[in-house]
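The structure appears below as structure tokens.
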Amino acid sequence: MSLNFKKRFIALSLLALVLVCSPSAFAQDKNWREISPAELQAKTPRVEPDADAEAIFWEVRIDDSADSELAMKHYVRVKIFTERGREKYSKFDIPFMRGIKIKDIAARIVKSDGTAVEIGKQDIFEREIIKANKVKIKAKSFAVPNIEPGVIVEYRYREVIEDAGARGMSLTFQRDIPVQTLSYYYKPYSKREPNYQSYNFTDTKFIKDEKGFYLAQRTNVPSFKEEPRMPPSDTVRPWMLLQGASLNLIDASAFSISYTIKDPSSPTRYWGAVSAENAALVKFMNKSDKEIKKAAADITASASTPEEKLLKLYEFCQTQIRNTSFDASLTDEERAKLPKIKSLDEVLKNKSGSAQFVDMLFGAMANSLGFETKIAFTGNRNKMFFDPNMTNDAFIHPAAIAVKVGEDWKFYKPGMKFLTAGMLVWYEEDVWAMLVGEKNYNWVRTPLSGTDKTVAKRTGRFKLLEDGTLEGTVEVEYVGQVGLDYKMNNFDESVTQREENLKNEIKARMSTAEVSEIQIENIVEPQKPLSYRFKVRVPNYAQKTGKRLFLQPGFFEYGEGAMFSTATRKYDVYFNYPWAETDDVEIELPKGFSLDNADAPGSLTDPQKISSLNIKIGVDKAANVITYQRKFHFGGGGNLLFPSASYQALKGLFDAFHKADTHTITLKQN
Amino acid sequence: MTQISQLLFVLLVTISLFTTVFADDGAPNWLKQAAAIQPPIYAKDVPGVVLHDSNDVTLDAQGNLVTVEHHAIKILTREGREYAVAQALYLTSSSRVREISAWVIRPDGSVKEYDKKSVLDRVSDPDDIYDEYRVKAINATGDVDAGFIFGYSVITEKKPLFYQDNHFFQSDLPVMQSRYSLSVPAGWKASSITFNHAEIKPQTNDTSYVWELRNLPFIRDEPLSPSIRNIVPRIAVKFAPANGAQAEGRSFPDWTAVSRWENSMSDPSVIVDDAVAAKARELTAGAKTELEKIRAVGSYVQGLQYISIDIGVAQGNGYRPRPSNLVLSRGYGDCKDKANLMRAMLRVLKIESYPVGIYSGDPNFVREEWVSPSQFNHAIIAVKVSDETVVPTVLNHPKLGRLLIFDATDPFTPVGDLPDYLQGSLALIGAGDNGGLARMPVTLPETNLLERNVEVSLTDDGSIKGIIKEVANGQESTVFRAQRRLLSSDDYKKLIENWLTRGATGAQLGKIMPNDKKEAARFDLDVEFSAPRYAQLMQNRLLVFKPAIVGRRGGVFLTEAKRDQPVMLDSNSMKETVTFNLPPGFVVDEMPDAVNLEMPFGKYTTKYEVKDNKLVFTRSLTTNRTTVPVEKYNSVKDFYTKIMAAEQAPVVLLKK
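For the protein sequence lines, the chains are A and B, in the order given.
Quick note on numbering: the UniProt record's numbering labels position 116 of the first sequence as 116, and the sequence is numbered without any gaps.
Quick note on numbering: the UniProt record's numbering labels position 35 of the second sequence as 35, and the sequence is numbered without any gaps.
Encoded structure:
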């Protein structure tokens with residue numbers, strides 16, 4: 001372990017910044033390496049046929065051997081094939097800040113005939129990007145001369161970061177352009193062997209190289225391209241995390257010192273240490289307090305079962321405590337001035353606290369009633385699919401309070417202001433959770449709410465005019481994750497802006513729609529479903545041709561595009577959560593028109609019952625009203641991830657849904 | 001967003017959270033007085049109101065222009081928080097921000113003051129390799145909400161390049177009072193011109209002038225409206241010694257003087273050395289005509305990378321290109337560098353050309369009555385051509401003859417065409433005594449024609465298979481070209497798939513065959529496709545389908561019931577013919593009525609014909625470069641609503 005490990009850890013954030021913001025690579029000496037005739041003459045990319053530019057090599061040499069600094073050398077050679085490739089590599093910015101030095105920048109282009117143009121020192125500008133108070137960010141910037149398709153661009157520079165180490169650094173093994181050879185050389189601190197974890201690939205390891213360096217190398221690496229509805233990139237893109245055991249002081253007094261050793265090579269030891277570090281938080285939560293105990297007893301006095309008691313506590317914490325994390329009326333200044341909370345009875349007494357304290361007050365109350373309570377540290381499906389073998393505590397976060405009811409652990413998160421009891425936020429459902437107690441921990445998997453918990457219920461009552469105009473009223477109610485999403489996206493907006501958002505949402509489907517009398521309710525009500533209603537008039541909703549009118553009765557799917565448009569797919573398809581939709585539409589037909597055909601799209605489902613769509617169209621001849629009822633669900637059985645190999649079937653299914661949803665019926669003039 | 005832009009965005013957010021330092025001191029008197037103003041009640045979507053805006057400008061004896069700016073705004077909605085930012089632009093070489101301060105007055109009357117630790121100092125354009133322009137800012141967006149008042153005071157000092165100034169009396173927010181004042185040394189005089197408003201006459205007092213407006217309305221963002229710079233009231237002010245001394249190069253009596261000044265900036269940079277000459281000859285070695293030569297040079301210069309390095313702006317370098325031989329050797333440059341290099345190369349070929357200053361962003365921005373180079377933000381080129389060169393962008397100049405106007409920067413618009421945002425604009429032709437302001441050409445709608453032919457076979461289950469052949473011309477082709485060049489092959493394919501599947505669910509792409517004929521200002525795109533069950537089969541006897549399979553590109557959506565600003569339409573046209581080969585055994589039972597809409601600003605027609613078991617659907621749309629006054633908004637809205645309805649109308653086939 002480095003003696004200056006604290007400084008190293010602090011400086012790591014600066015390092016991360018630079019890695020994110022600069023094109024990376026490295027050089028071994030000050031001379032350019034020889035370029036082969038094949039590289040000069042190459043007319044087409046080797047790794048990806050349609051690439052705009054391709055890196056012939058992309059190297060980073062990380063030297064963590066010194067006590068006082070971390071040094072990195074970057075050397076990248078890129079062949080430009082198209083105008084877009086030229087655009088991408090025409091200029092460079094290497095940002096840096098205090099404690100980081102950028103040295104020995106060199107760049108050149110080499111034409112296919114071997115002639116080279118190198119940038120001069122006078123063409124490299126040092127810019128002060130921003131300064132504020134004591135923060136100053138600079139950048140070394142330069143334009144690449146005479147760049148055009150067919151040339152090779154290569155650049156190198158050295159980056160020296162004071163008081164930093166490589167531990168915690170992530171190494172990307174797939175870039176946004178294809179790379180023929182992607183290499184990381186790594187010289188760990190104190191002649192150790194590299195300690196690292198690999199994600200989303202297993203075919204690359206650090207092997208011993210020269211001069212104390214280890215080399216991890218991949219060849220013919222395709223570019224990384226995002227696709228809609230794909231799993232999070234950290235679960236798809238190959239990358240490595242440089243690790244190392246760390247010593248963490250957790251308590252010190254005149255008589256004793258408590259510390260943990262986090263050794264990532266052993267999940268049991270590692271997570272044990274993480275648990276020990278966080279046990280103090282659980283102790284803080286579960287600390288006996290008379291006021292909390294009395295309040296909990298009072299609140300649950302009328303409840304008989306454990307579930308009822310917990311629900312009472314949940315409702316109390318969510319509705320009776322002012323949750324400052326969700327108080328949109330607070331300015332940053334007011335938020336900064338909020339008093340520091342030293343104990344949970346203050347939260348109870350002041351009836352105010354941030355989301356985390358609201359959660360812990362719930363835990364404290366439940367604990368005071370005799371429930372076993374722990375803090376659940378979960379992964380985040382929105383960022384990556386975590387499992388406990390991934391020994392990095394940055395992958396988990398305090399998500400909820402776990403309460404043991406009978407033999408089962410139940411999860412409560414009243415600090416999430418709008419979250420329905422019994423659910424977690426979608427990215428914390430169906431993930432691994434480390435339940436940290438005062439003295440122990442255990443792993444469990446959080447439950448996934450089914451399609452019955454997340455429902456969009458939509459009702460429309462309309463009148464169709466003879467010219468095809470549709471007018472009427474709409475009511476929509478969202479519960480579960482879809483309601484939470486809506487509330488989270490709108491709760492801190494003004495009423496006007498909420499209405500504008502809704503109008504835009506409708507106009508995106510029906511550009512001519514005239515929307516009025518919008519009422520949005522329960523946006524900041526924790527327990528009530530989000531609902532809105534409005535009046536709408538859509539000219540030319542139905543199309544008139546001679547004696548017929550063509551009408552899509554599925555108002556809520558009108559103007560929606562198909563879920564998937566591309567014919568092929570590289571990555572798996574991923575949905576955030578299961579959901580259901582229930583639509584109830586009535587349309588009064590214009591006088592003199594009646595239903596010409598009663599075709600209905602019928603039912604669609606898949607063999608595994610992951611999804612279903614059922615549409616019923618009826619007619620009340622006496623009232624001349626068409627009724628349209630639609631029931632849809634997706635994600636049954638918790639199926640949310642679909643391998644790319646099944647893309648065609650999935651796309652076919654959603655295309656069929658879309659066809660059915662946009663089904664048109666014919667009205668005939670009598 | 002570039003890497004530096006992304007970084008800057010993150011930093012601006014994070015730093016503003018941590019550097020705010022405040023003290024509950026009192027606000028200055030001017031802000032207290034502004035805060036006491038009771039604004040009227042505005043519509044609920046108006047985010048804020050400017051209570052007070054003043055710019056008091058003094059030209060001191062040393063020739064420095066010192067501006068004291070006071071600005072107070074009342075935030076009316078949560079969205080209005082974004083207006084709580086104080087900003088001051090300065091040039092590192094020739095100006096400075098002497099002071100920047102800001103205050104927030106809370107609804108309870110308490111005051112928060114921002115001191116110098118709250119000031120962010122950042123680059124103005126993070127994408128430039130080097131730029132002398134910087135911005136000092138105080139960001140209070142996190143500290144305010146509806147009902148709060150934000151005020152700031154900025155004192156800047158600069159050496160003016162011209163004895164001229166510009167003042168906008170508002171942005172989009174309503175304004176209670178807005179003032180611009182100018183104090184000049186004894187013996188100096190000032191005068192002004194008003195734009196977008198009835199003449200604003202100054203109150204004068206010897207060497208002081210004050211222009212003021214009150215109660216200005218909110219300017220809503222509306223599609224196809226003029227730019228806000230061309231809506232809000234503004235004045236252009238010039239000042240000079242009454243005897244005319246010291247004003248040369250800083251003040252201009254007429255456009256000829258500006259033309260001469262332009263030449264003094266540009267011409268010294270037209271350097272023809274061996275390298276420039278050799279390159280010009282190499283590029284035109286195979287060119288037989290004058291136009292071919294201009295095309296060869298123009299295409300090369302457009303192809304150079306756009307890189308801007310702004311140094312010495314205060315000395316006029318914002319108008320002065322870098323030497324042409326340097327630009328050639330570096331292989332990159334900005335707009336004026338590119339235009340200048342082209343001039344140098346054309347000189348080698350004995351073709352005369354002139355620098356042209358123009359405003360990019362709104363063809364109606366430049367005004368003849370305001371004689372100033374500061375109206376321009378872009379540089380293009382005018383090439384003197386003989387009668388043998390016939391292209392749509394040649395203008396007949398009364399003194400200079402036939403001039404081919406060309407933008408050497410826009411990589412998507414070839415010689416013979418001009419970006420639509422420059423067409424029709426007044427521009428400065430730098431041709432010494434013969435130069436001056438001229439109106440740029442506007443191409444005809446037919447020049448920008450998108451022609452589409454679709455041949456489709458329809459089967460009895462409703463499936464279709466066919467090919468779309470598009471030919472885009474003129475400015476229409478630049479859209480196609482830009483998509484092809486800016487998107488990767490994968491993303492381009494996705495774009496086409498999205499366009500296709502939007503009209504035909506489940507459509508499968510076959511071959512995509514783009515063919516860019518840039519020199520001819522043309523782009524061909526053929527797309528093979530199929531779509532299962534495109535037509536809906538009803539009762540096993542009717543096939544119903546929309547003959548407009550794919551959307552027009554660049555649709556206009558005017559859906560708001562009311563509007564405040566005129567509608568600006570561009571010059572272009574579209575023609576489409578879709579031929580459906582009908583399935584055997586089916587006949588056309590019903591077709592939509594033909595549509596024929598004709599308005600002063602445009603024309604739209606549809607037609608349906610059945611012949612030899614084929615249904616032929618044609619539609620055409622032509623719009624003229626027009627500014628439709630707001631009183632006639634409904635006529636434009638109705639025009640496009642009827643078009644949308646016509647394009648949704650289905651055809652019904654009946655099984656015999």
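Think of the CB as a built atom: it goes at the ideal place given N, C-alpha and C, for glycine as much as any other residue.
Own chain residues within Cβ distance below 7 Å of residue i, not counting five before or after
i	result
residue 186 of chain B	207
residue 635 of chain B	599
residue 447 of chain B	392, 473, 474
residue 345 of chain A	289, 291, 292
As assigned by DSSP and simplified to three states, the class of residue i
i	result
residue 192 of chain B	strand
residue 301 of chain B	helix
residue 436 of chain B	strand
residue 322 of chain B	coil
residue 478 of chain B	helix
residue 307 of chain B	coil
residue 229 of chain A	coil
residue 59 of chain B	strand
residue 577 of chain B	strand
residue 698 of chain A	Because residue 698 of chain A is not part of the residues shown, which for chain A are 1 to 670, the question remains open.
Minimum Cβ-Cβ distance from residue i to chain A less than 9 Å
i	result
residue 303 of chain B	yes
residue 538 of chain B	yes
residue 330 of chain B	yes
residue 609 of chain B	no
residue 651 of chain B	yes
residue 40 of chain B	no
residue 660 of chain B	Residue numbering for chain B in the displayed model covers 1 to 656; residue 660 of chain B lies beyond these limits and cannot be assessed.
residue 23 of chain B	Bear in mind that the predicted position of residue 23 of chain B carries a pLDDT of just 48, short of 50, making it too unreliable to give a figure here.
residue 644 of chain B	yes
residue 299 of chain B	no
Own chain partners of residue i with C-beta closer than 8 Å, once the 5 adjacent residues on each side are dropped
i	result
residue 48 of chain A	54, 178, 222, 223
residue 129 of chain B	307, 308, 309
residue 217 of chain A	181, 182, 183, 184, 204
Minimum Cβ-Cβ distance from residue i to chain B less than 9 Å
i	result
residue 268 of chain A	no
residue 42 of chain A	no
residue 117 of chain A	yes
residue 144 of chain A	yes
residue 407 of chain A	no
Same chain, Cβ closer than 6 Å to residue i, five either side skipped, listed in chain order
i	result
residue 597 of chain A	666
residue 168 of chain B	232, 234
residue 649 of chain A	none
*Inside the stretch 339-370 of chain B only - beta strand (DSSP E) runs reaching at least 3 residues*: Restricting attention to beta strand (DSSP E) runs no shorter than 3 residues, the stretch 339-370 of chain B encloses them at 353-358, ordered along the chain.
*Complete runs of the beta strand (DSSP E) confined to the stretch 136-171 of chain A [at least 3 residues]*: 152-162
*Given 8 Å, three or more beta-carbon pairs between the stretch 213-230 of chain B and the stretch 358-369 of chain B*: yes
_Cβ contact check for the stretch 132-139 of chain B and the stretch 55-73 of chain B: 3 or more pairs under 8 Å_ = no
*Can at least three beta-carbon pairs, one atom from the stretch 63-82 of chain A and one from the stretch 194-203 of chain A, be found at a separation below 8 Å?*
no
*Are the stretch 324-341 of chain B and the stretch 194-205 of chain B in contact at 8 Å, needing three or more beta carbon pairs?*
Touching, no.
*How do the stretch 163-174 of chain A and the stretch 116-123 of chain A stand: do at least 3 beta-carbon pairs fall below 8 Å, yes or no?*
no
*Stretch pair the stretch 227-242 of chain A + the stretch 559-575 of chain A: three plus CB contacts closer than 8 Å*: Counting Cβ pairs under 8 Å, three or more are found: they touch.
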